[in-house]
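Counting from 0, one number per residue, gives the positions in the sequence shown under numbering that gives the first Met the number 0. This report concerns only the one structure given below.
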Amino acid sequence: MDPTVLRELLEGVRRGSVDVEAAAERLSRPPFVDTPGGRFDTHRALRQGIPEVVYGERKTAGQIVDAARVLREAGQAVLATRVTADKAEQVREQLPEMDYDEVARLLWLGPEAVPDVGKGLILVVTAGSADLPVAAEAVGVARRFGNRVELLQDVGVAGLHRLLASIDRIREARVLIVVAGMEGALPSVVGGLVDKPVIAVPTSVGYGVGAGGFAALLGMLTSCASNVSCVNIDNGFGAAHVATLMNRL
């Protein structure tokens with residue numbers, strides 16, 4: 000259940016098209032559903048504005064299918080993250096109506112076009128093409144959460160002119176998600192160019208002492224641009240979630 004569904008239910012009671020007892024029964028149901036693979040929160044959208052998302056990396060295909068069916072029965076769209084191509088194929092054997100984005104590793108069961116409920120543009124900016132899987136996750140999740148999203152690729156600080164050539168596009172955005180590996184410098188540069196929130200996403204791209212993204216993470220956490228905040232390594236999903244909330248304020 001989400002705020003829209005709740006309002007429709009209450010409006011139905013007020014108009015007399017929904018029986019009071021039927022509404023009371025629906026509202027009395029537990030705000031979660033148990034399956035063998037987990038306990039799924041069907042009221043998260045009502046509390047937080049965004050429904051529960053299935054984290055697919057440690058789940059079997061069968062567990063993802065069970066979760067998808069539960070969430071659909073609860074009347075919500077289904078988004079599963081970190082799903083490998085082979086696992087997605089197994090899931091789609093049972094739920095062929097699910098769409099799969101192999102680059103972003105996202106499974107989706109819901110409307111093809113989600114209404115835009117944000118107040119502006121979320122721009123996802125990547126330092127290099129190696130950062131694209133994380134950026135694609137951020138783009139896909141933000142779009143499925145009801146945002147207008149664009150992607151600006153391969154504009155890292157090794158060729159700063161590539162970034163500056165798109166300065167008008169960058170300044171148009173209401174929220175920016177900046178994805179970078181290596182030394183993680185790009186969010187600081189972008190933050191110094193705009194008066195908007197910048198969500199930095201360190202990636203595990205980099206050699207040697209990059210330490211799987213820790214160098215980029217530490218660089219972003221110590222950014223001299225005060226409008227930069229940071230999520231965890233490779234966490235495109237978390238960046239999209241926070242950007243969605245900012246874009247609704």
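The beta-carbon is built from N, C-alpha and C at its ideal position, and this holds for glycine as well.
| Item | Value |
| --- | --- |
| State the Cα-Cα distance for the pair L106 and E20, rounded to the nearest angstrom. | 37 Å |
| Answer yes if the segment 206-226 comes into contact with the segment 177-184, meaning at least three C-beta pairs across the two stretches below 8 Å, and no otherwise. | yes |
| For L105, which of helix, strand or coil comes out of DSSP? | strand |
| CA-CA distance, T125 and G11? | 46 Å |
| Go ahead and pull the three-state DSSP assignment for R161. | helix |
| For D85, does the three-state DSSP call read helix, strand or coil? | helix |
| Out of L131, Y206 and V148, which one is the CA nearest neighbour of R173? | V148 |
| Pop quiz: I176 and V200 are said to be a contact at Cβ under 8 Å. What is the actual Cβ separation, rounded to whole angstroms? | 6 Å |
| Which residue wins for smallest C-alpha separation from A134, given the options S16, N234 and R6? | N234 |
| Under 7 Å Cβ to Cβ from A60, same chain only, skipping five residues before and after it: list those, please. | K86, Q89 and V90 |
| G145 and V102 - do their beta-carbons sit closer together than 9 Å? | no |
| Taking just the CA atoms, how far does E56 sit from T83? | 8 Å |
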